[in-house]
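Numbering (the numbering used here), first residue to last: 25 to 148.
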């Protein structure tokens, strides 16, 4: 969230078009929102999941139900995180194109996309 909030306060160069500025700010705001949703989902599951698991009155069936709900929430949380990660990469690329020359921004974008791909593939 620190990256996102500081990026929202960025001052744009004079030559930047208003459409580019709005696109950058919108994608950065989406990145903040999606990552906060992922954090809140994970925190809620870690706080309430174990208690619900231990207090289940149906025995093993209740425990299996809690595990199934937590697995569903895990998929949703990973979805929020991945969507936020994509928004962060796009936002960072846009920032590079706003602040630097085309060639330098292209190098930064290629590096970001490649490293994001490597991290996502190695995490599976």
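Where is the CB? At the ideal position from N, CA and C, for every residue including glycine.
Small disclaimer: the values here were computed from a predicted structure and weren't measured.
Put simply, the backbone Cα of residue 84 is about 14 Å away from that of residue 74. Residue 114 places its beta carbon less than 8 Å from that of residue 51. At the C-beta level, residue 108 and residue 53 stay beyond 8 Å of one another.
Ranked by how close their Cα comes to the Cα of residue 58, the residues 141, 101 and 136 have 101 in first place.
Distance from residue 136 to residue 48 at the Cβ level is roughly 15 Å; contact not present, criterion being Cβ atoms closer than 8 Å. Looking at 139, 103 and 124, the one whose alpha-carbon comes closest to that of residue 36 is 124.
Residue state for residue 76 is assigned as helix, using DSSP reduced to three classes. In this structure, residue 69 and residue 104 do not form a Cβ contact; the two beta carbons are roughly 12 Å apart against a cut-off of 8 Å. For residue 138, the enclosing alpha helix (DSSP H) covers residues 126 to 147.
Judged by DSSP in its simplified three-state form, residue 106 adopts helix.
Nearest neighbour of residue 110 by Cα position, chosen from 147, 140 and 71, turns out to be 140.
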